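J.: Quick one: structure below, then a few questions.
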Amino acid sequence: MIDIPQGKRYIYILFLYILPLSPFLRAQEPADLSIKRYLEQTYEVPFSTNNRIVFFKTGQEKFDDLFEAVRQASKSIHLEYFNFRNDSISRLLFKLLEQKASHGVEVRAVFDGFGNSSNNRPLKRVHLDSLRKRGIQIVEFDPLRFPYVNHALHRDHRKIVVIDGLVAYTGGMNVADYYIKGKKEFGEWRDIHARVEGDVVDELQKIFISFWNRVTHENVHGPQYYTGGRDARRYFHGLKADTCQTAGDKCIGVVDRGPQSPRRIIHDTFVNSIDSAERRIDIINPYLTLCSHIRRALRRAVRRGVEVRVMISSKSDIPITPRIVEHNAHRLMKAGVRIFVFEGGFHHSKIMMVDNSFAYVGSANLNSRSLVYDYECNLLVADECATEELISIFENDRSRHCWELTPETWKSKFSSGRRFGAWFWQFLTPFV
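Using this note's numbering, the first residue of the sequence shown is number 502, and each one after it goes up by one.
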């Protein structure tokens with residue numbers, strides 16, 4: 502028996518009984534503040550708080566708004582896309598850009614060589630020559646050349662449009678008519694895109710101009726391109742409005758992986774966002790092939806008592822990928838993650854919502870290419886109202902177009918051959 506003086510017994514009891522509970526009694530830093538601090542300190546990501554953001558959940562919404570903004574441009578239009586599919590919507594866009602260029606508006610566009618070659622209606626040299634003659638400065642990033650293998654990594658998968666330095670668009674949509682019309686293979690093409698206003702526009706403009714100068718060896722610069730601090734509503738009319746109470750006061754940072762950015766910034770932000778969650782994580786992502794770090798982070802979240810919900814599509818535009826996604830979904834389901842399979846078309850959205858407090862939305866998929874190799878651009882939106890908007894999209898699609906993966910539905914919905922394919926093709930995960 503330890504002889505403890507009377508005056509020190511209370512201190513002993515404190516150490517014996519109270520301190521083991523301290524991790525649970527201590528107030529944990531809210532998820533939005535935690536991820537914001539992490540990005541600021543680790544990667545020096547700047548956050549601004551004077552922003553507006555609106556989300557488009559269909560291609561029709563996005564292109565209607567984008568075209569209206571382009572019509573009102575007076576100084577510059579900058580476009581960076583993985584690809585411009587040579588179809589009806591791109592022809593309408595280029596015709597509009599030609600008109601603006603004829604009125605003295607600077608029009609610059611850059612697209613990825615692999616993105617162009619991999620779509621079934623690419624822009625060819627004759628099209629590019631015609632566009633340049635009409636005043637549109639358009640360049641191809643890293644054209645595919647023999648022996649091709651040296652062009653495999655570090656493709657530009659970003660989607661950024663900045664108009665007059667005042668409004669900017671980014672998200673998951675390229676320029677193609679199937680964002681409006683869908684595809685016969687799977688029906689409707691679902692996606693999420695965003696328009697932002699405020700100082701965050703300057704950050705997107707920096708990304709575009711830096712990349713443009715790198716590709717063209719030009720030296721485009723000047724304060725006229727960085728006017729995001731002005732109220733865009735004074736210059737643009739008829740665009741979709743930010744109706745949140747936080748409109749004009751949203752805290753947003755740009756998480757960009759470009760040629761000069763830290764290689765793992767997209768990957769690490771996913772992992773740390775998941776690790777910051779206290780209550781709930783909602784994810785929609787089309788290529789859930791996952792790396793071990795993110796898979797383990799999701800399992801850690803479940804063990805902490807966080808409700809983790811992931812939505813995947815039953816169909817995809819890429820062969821083999823659905824089987825790998827199904828394999829990962831099955832493993833996560835067994836670990837306690839709730840998996841919802843979307844059957845309302847192909848859900849190409851790339852969004853994650855954490856604790857109703859922040860959202861991570863943009864161009865990055867949850868596959869090896871996006872997480873480590875490709876140039877990607879995501880927004881970290883530390884705003885409850887904006888996050889709730891995206892959660893409502895998740896909830897609506899979950900209730901109307903999804904079924905839940907369970908041990909029973911895994912066997913009843915998928916044949917034994919399909920389940921074997923899910924196991925077999927998962928060995929290609931590092932390459933897709």
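A virtual CB, placed ideally from N, CA and C, is assigned to each residue, including glycine.
From a predicted model like this one, the values you see are computed outputs, not experimental measurements.
1) Do residue 551 and residue 703 come within 8 Å of each other at the CB atom, strictly closer than that value?
2) Do the region 573 to 590 and the region 676 to 685 make contact, defined as three or more Cβ pairs closer than 8 Å?
3) Just verifying my parser: in three-state terms, what is the DSSP assignment at residue 855?
4) Between 559, 920, 917, which has its C-alpha nearest residue 690's C-alpha?
5) Based on the DSSP output, what are the partners of residue 639 in its beta bridges?
6) Give me, in chain order, the residues of the same chain whose beta-carbon lies closer than 7 Å to that of residue 757; leave out the 5 immediate sequence neighbours on both sides.
7) Among 564, 666, 644, which has the Cα closest to the Cα of residue 656?
8) Give me the Cα-Cα distance between residue 625 and residue 640, rounded to the nearest whole angstrom.
9) Just the C-alpha distance for residue 902 and residue 845, rounded to the nearest angstrom, thanks.
10) Any idea what DSSP makes of residue 672, helix, strand or coil?
11) In angstroms, rounded to a whole number, what distance separates the CA positions of residue 599 and residue 567?
12) If you follow the alpha helix (DSSP H) that residue 560 is in, where does it begin and where does it stop?
13) Using 8 Å as the threshold, is the C-beta distance between residue 615 and residue 652 below it?
14) DSSP on residue 737, reduced to helix/strand/coil?
15) Given this structure, state the Cα-to-Cα distance separating residue 737 from residue 720, to the nearest angstrom.
16) Pull up the distance between the alpha-carbon of residue 711 and that of residue 824, whole angstroms please.
17) Examine the Cβ distances between the region 865 to 881 and the region 753 to 767 and report whether three or more of them are shorter than 8 Å.
18) Assuming residue 940 contacts residue 753 under a Cβ cut-off of 8 Å, what Cβ separation, rounded to an integer in Å, is found between them?
19) Quick one: Cα of residue 522 to Cα of residue 716, how far?
20) Would you list the one or two residues that DSSP bridges to residue 911?
21) Exposed or buried, what is residue 654 when buried is set at 16 or more other beta-carbons lying within 10 Å of its beta-carbon?
22) When DSSP labels each residue in this structure, what does residue 788 get in the three-state scheme?
23) Exposed or buried, what is residue 771 when buried is set at 16 or more other beta-carbons lying within 10 Å of its beta-carbon?
T.: Let me lay it out:
1) The criterion of a C-beta distance shorter than 8 Å is not satisfied by residue 703 and residue 551.
2) Output reads yes: the region 676 to 685 touches the region 573 to 590.
3) Here residue 855 sits in strand by DSSP.
4) Residue 690 has its Cα closest to that of 559, out of 559, 920, 917.
5) For residue 639, DSSP records a beta bridge to 610.
6) Excluding residues within five positions, the ones whose Cβ falls inside 7 Å are 708, 878.
7) The shortest C-alpha separation from residue 656 is found at 644.
8) Residue 625 and residue 640: Cα-Cα distance of roughly 12 Å.
9) So the alpha carbons of these two residues sit roughly 5 Å apart.
10) Assignment of residue 672 by DSSP, reduced to helix, strand and coil, places it in the strand class.
11) For residue 599 and residue 567, the distance between alpha carbons rounds to 15 Å.
12) 560 to 572 is the extent of the alpha helix (DSSP H) around residue 560.
13) Taking a C-beta distance under 8 Å as the contact criterion, residue 615 and residue 652 qualify as a contact pair.
14) Three-state DSSP puts residue 737 in coil, outside helix and strand.
15) Each residue's alpha carbon lies about 28 Å from the other.
16) In a straight line, the C-alpha of residue 711 is about 38 Å away from that of residue 824.
17) When C-beta atoms of the region 865 to 881 are compared with those of the region 753 to 767, three or more pairs fall below 8 Å, so the two segments count as touching.
18) Because the chain is modelled from 502 through 933, residue 940 falls outside the range shown and cannot be assessed.
19) Confidence in residue 522 is poor, its pLDDT being 41 and thus under 50, which makes the residue's placement too unreliable to answer from.
20) Answer is none; residue 911 lacks a bridge partner.
21) It is exposed - the Cβ of residue 654 has fewer than 16 other Cβ atoms within 10 Å.
22) Three-state result, residue 788: coil.
23) It is buried - the Cβ of residue 771 has at least 16 other Cβ atoms within 10 Å.
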